[in-house]
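**Student:** Submitted below is the structure of interest, expressed as structure tokens.
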Amino acid sequence: MTIQELPFDLYVQILEQLTPLTDSDESIIVLISCLKASTSLRTAASVSRLWEPHYRVRYTICDPAKEQSRKQSTGGDWRLMYLERRRIDLETLDILFKIVTERGDGRLERAREVNAMFSFDAWNALEIAANYPLPETFREPGAPEQRPVPPHAVPIRFWAQMLLGAIARSDAVRTWGELISNDTPQAFELSFACVSSFFVYPPMKVLSQLEELTTLCKAYFIERQIPLDPAEFTSDTGKLRLVCTSICDFLWSCGFEAADGQRFHMLQNRFPHLFLTTHKATIPISLVYVFVCIARKMGVTAAPVDFPTRVLAVVSSPDPDVSEFFVDVFGSRTQAVLTLHDDIPHFLTQAGITATSMLHGISPASSTSMLVRASRNVLASVYNFPAGAVPEVVLHTAFYASLVVNVIFMNNHRYLLNIMKHINWFLLDLLPVLVDSLTPLLNTHLQEQLTTHCKAIMDDEKEAAATSHPRSALAREVKFFVGMVFKHAAPGYVGYIRLGSAEDWIREMGVDTLSRGRHQPFYHALTQSGSSRYVAEDNIRTTCLEPADVRRIFVDAPGAGRYFEDLTQVDGRARFLLSPELNAAYPDDEAFGDQWLKQGED
Numbered sequence: 001m002t003i004q005e006l007p008f009d010l011y012v013q014i015l016e017q018l019t020p021l022t023d024s025d026e027s028i029i030v031l032i033s034c035l036k037a038s039t040s041l042r043t044a045a046s047v048s049r050l051w052e053p054h055y056r057v058r059y060t061i062c063d064p065a066k067e068q069s070r071k072q073s074t075g076g077d078w079r080l081m082y083l084e085r086r087r088i089d090l091e092t093l094d095i096l097f098k099i100v101t102e103r104g105d106g107r108l109e110r111a112r113e114v115n116a117m118f119s120f121d122a123w124n125a126l127e128i129a130a131n132y133p134l135p136e137t138f139r140e141p142g143a144p145e146q147r148p149v150p151p152h153a154v155p156i157r158f159w160a161q162m163l164l165g166a167i168a169r170s171d172a173v174r175t176w177g178e179l180i181s182n183d184t185p186q187a188f189e190l191s192f193a194c195v196s197s198f199f200v201y202p203p204m205k206v207l208s209q210l211e212e213l214t215t216l217c218k219a220y221f222i223e224r225q226i227p228l229d230p231a232e233f234t235s236d237t238g239k240l241r242l243v244c245t246s247i248c249d250f251l252w253s254c255g256f257e258a259a260d261g262q263r264f265h266m267l268q269n270r271f272p273h274l275f276l277t278t279h280k281a282t283i284p285i286s287l288v289y290v291f292v293c294i295a296r297k298m299g300v301t302a303a304p305v306d307f308p309t310r311v312l313a314v315v316s317s318p319d320p321d322v323s324e325f326f327v328d329v330f331g332s333r334t335q336a337v338l339t340l341h342d343d344i345p346h347f348l349t350q351a352g353i354t355a356t357s358m359l360h361g362i363s364p365a366s367s368t369s370m371l372v373r374a375s376r377n378v379l380a381s382v383y384n385f386p387a388g389a390v391p392e393v394v395l396h397t398a399f400y401a402s403l404v405v406n407v408i409f410m411n412n413h414r415y416l417l418n419i420m421k422h423i424n425w426f427l428l429d430l431l432p433v434l435v436d437s438l439t440p441l442l443n444t445h446l447q448e449q450l451t452t453h454c455k456a457i458m459d460d461e462k463e464a465a466a467t468s469h470p471r472s473a474l475a476r477e478v479k480f481f482v483g484m485v486f487k488h489a490a491p492g493y494v495g496y497i498r499l500g501s502a503e504d505w506i507r508e509m510g511v512d513t514l515s516r517g518r519h520q521p522f523y524h525a526l527t528q529s530g531s532s533r534y535v536a537e538d539n540i541r542t543t544c545l546e547p548a549d550v551r552r553i554f555v556d557a558p559g560a561g562r563y564f565e566d567l568t569q570v571d572g573r574a575r576f577l578l579s580p581e582l583n584a585a586y587p588d589d590e591a592f593g594d595q596w597l598k599q600g601e602d
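Its first residue numbered 1, the sequence shown is counted upward by one per residue in full-length UniProt numbering.
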């Protein structure tokens, strides 16, 4: 039977109805199937514009240089560009799976490989992997039906997040390194956005948010008949001041405001991805950053000023008849515009600044000086922050970002030593971030120090990968196992056994006072809050987890995703199913734990 084909244009119109999807291949599978069908369908499915919406929805992040090269090599054909990005996705996911299933320093080399070959081109595929559906145990009740859970979904999510972080932080370090020789006013927007890269938030998202704010600001101006033409407002002092005060008014109308009281010391209002969204009540430097970025996009010559008591903005004009002035964004509800003659001397005197050193306090600041000041704000905030106010991983990330800024621009070995204290929270950063991106920016002495530290960590990784702990090889009876959920007998915290123990801890904690003293097994545990502890066997009590605690495991203790895949609870006892990494390190504990769960601890 002969099937009559439809007109070419009708095929194209039908294929145009396919919905672009971020994390599903359903629509693309249809297009691919058409490419393998009849000549007419194949020709229709090859039309470039059909692929454009799918490309734009799926691939929101890219390496700009690689994207430009891709457009040139494909002639701007969206189908060919999509297929090239899909090839990168598959290579990235293949490497990610090896990171999940292998142990040792090979992971670090694979992270370096992804970063060097693909950088941000791997972002969208990794972001999808970092959000794979969780096993049912960890889902919120009543959550909508999800896609099937892939094998090893939990450790894949964990390592995908680690790899995303390594890519973003490597890019941030390289961007900051360029400031050493080329610190231009134009670099301010991007270099400050890169602070959020340490929180796995790519700078292009921050830049996009600033563009959206600028568009809204222009609409705000049009509605209020405020001048938008730079040729008009830059040649008139009154109009230029009106534009600047109106930008401040616009920001307040969007929810931005001066943080007061305890809010002023909140860690979250130091980082662009947060002070642009959930923490708009923020500090002067953050408000000035937003003001300067919007003002520049609207044709105002604006720059931050590293003023002693409060970061300000300075505004100038190409017209010599228009004097420069300062904008106090933080204090703009009281007085936005400050003049050099009437206001600044009083501020400087209050800060104890003499006339001879006044110039530094009122000159446009470099991006470097703003980054260093921002990093020190973070360090001061962290030291004064109440314990438990934010997740532990957030504190380590904030420290890490601030220390890296300082080691790049201050070349101080103390900052480098402190970085190494936090690096175990960022497990794939060693080669792509520290060795490949940071080391070339340092002086010879610091390069040698960093290289030595990194080599020691890689040696430890190799040694750990070569080590296995079968229960048959244990010198004494070990009652419990890796993956067990327990409650500590004294402090009462809940934790999850993940490794062995250490002799120095045994001495420090005075465990010889316990009934069996040091002559008992000790376990390395992860607590519900995400911190690591050593626990003596005498202090371990069986327990299970409340549903609310189960659902928060990977929020409060994200490191659990590295070690565990699922959770089983029976009659007041609970154990995690082990990740490939722990299964290889403790080959008998999965079966032992399963038997323990069925029979009870006795």
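Note that CB positions come from ideal geometry on N, CA and C, so glycine has one too.
Everything numeric in this text was worked out from a predicted model, so none of it was measured.
Can you pull the DSSP bridge partners for V315?
**Tutor:** For V315, which the question treats as bridged, DSSP gives the partners A302, F325.
**Student:** Once you ignore the five residues that flank T101 on each side, which residues in its own chain have a CB closer than 7 angstroms to its CB?
**Tutor:** So the list reads P580, once near-sequence residues are dropped.
**Student:** Do P202 and A168 have their C-beta atoms within less than 8 angstroms of each other?
**Tutor:** A contact, by the Cβ cut-off of 8 angstroms.
**Student:** Since G495 sits in a beta bridge, which residues does DSSP pair it with?
**Tutor:** Per DSSP, F486, T527.
**Student:** Excluding the five sequence neighbours on either side, which residues of its own chain have a C-beta within less than 6 angstroms of the C-beta of residue 618, listed in chain order?
**Tutor:** Nothing about residue 618 can be reported from this structure: the residues present for the chain run from 1 to 602 only.
**Student:** Under DSSP, the alpha helix (DSSP H) around Y55 begins and ends at which residues?
**Tutor:** Taken as a continuous stretch (DSSP letters only), the alpha helix (DSSP H) holding Y55 covers 48 to 58.
**Student:** Quick check: I423 and V407, are their CB atoms within less than 8 angstroms of each other?
**Tutor:** Their beta carbons are not under 8 angstroms apart, which means I423 does not touch V407 by this criterion.
**Student:** Quick one: what does DSSP say L474 is sitting in, helix, strand or coil?
**Tutor:** Three-state result, L474: coil.
**Student:** Tell me, please, which residues DSSP counts as bridged to P364.
**Tutor:** In DSSP, P364 forms a bridge with V305.
**Student:** Tell me which residue opens and which closes the alpha helix (DSSP H) that S532 is part of.
**Tutor:** That residue, S532, is in no alpha helix (DSSP H); its beta strand (DSSP E) goes 532 to 536.
**Student:** Evaluate the contact criterion for the stretch 266 to 274 versus the stretch 191 to 202: three or more CB pairs, one atom per stretch, below 8 angstroms.
**Tutor:** Verdict: yes, contact present.
**Student:** In angstroms, rounded to a whole number, what distance separates the CA positions of T245 and I353?
**Tutor:** Roughly 27 angstroms between the two C-alpha positions.
**Student:** Quick check on Q161: buried or exposed, where buried means 16 or more other Cβ atoms within 10 Å of its Cβ?
**Tutor:** Answer is buried; the Cβ neighbour count reaches 16.
**Student:** What do you get for K598, buried or exposed, if any count of 16 or more other CB atoms within 10 angstroms of its CB means buried?
**Tutor:** It counts as exposed.
**Student:** How is A374 classed by DSSP in three states: helix, strand or coil?
**Tutor:** Correct three-state label for A374: helix.
**Student:** Leaving aside the five residues before and after L427 along the sequence, list all residues of the same chain whose C-beta is less than 6 angstroms from its C-beta, in chain order.
**Tutor:** M162, listed in sequence order.
**Student:** Check whether the stretch 296 to 313 touches the stretch 250 to 269, taking contact to mean three or more Cβ pairs, one atom from each stretch, closer than 8 angstroms.
**Tutor:** Not touching, per the Cβ criterion.
**Student:** Could you tell me which residues DSSP puts in a beta bridge with L338?
**Tutor:** L338 is bridged to F326.
**Student:** Which residue wins for smallest C-alpha separation from V314, given the options T334, K297, M298, V288?
**Tutor:** Comparing Cα positions, the closest option is V288.
**Student:** Given a threshold of 16 other Cβ atoms within 10 Å of its Cβ, counted over all protein chains shown, does F8 qualify as buried or as exposed?
**Tutor:** When all chains shown are included, F8 counts as exposed.
**Student:** Note the first and the last residue of the continuous alpha helix (DSSP H) segment covering D588.
**Tutor:** Counting along the chain, D588 falls outside any alpha helix (DSSP H), and DSSP gives it neither H nor E.
**Student:** Could you have a look at I419 and say whether DSSP puts it in helix, strand or coil?
**Tutor:** DSSP places I419 in helix when its eight states are reduced to three.
**Student:** Of all the alpha helix (DSSP H) runs that stay within the bounds of the stretch 405 to 470, which reach a length of 4 or more residues?
**Tutor:** The stretch 405 to 470 contains these whole alpha helix (DSSP H) runs: 413 to 422, 444 to 465.
**Student:** Hey, is the stretch 248 to 257 in contact with the stretch 323 to 339, meaning 3+ C-beta pairs nearer than 8 angstroms?
**Tutor:** Yes: at least three Cβ pairs fall under 8 angstroms.
**Student:** Please tell me whether R79 and S40 are closer than 8 angstroms, where the distance is taken between their beta carbons.
**Tutor:** No, the pair does not count as a contact, with Cβ atoms beyond the cut-off.
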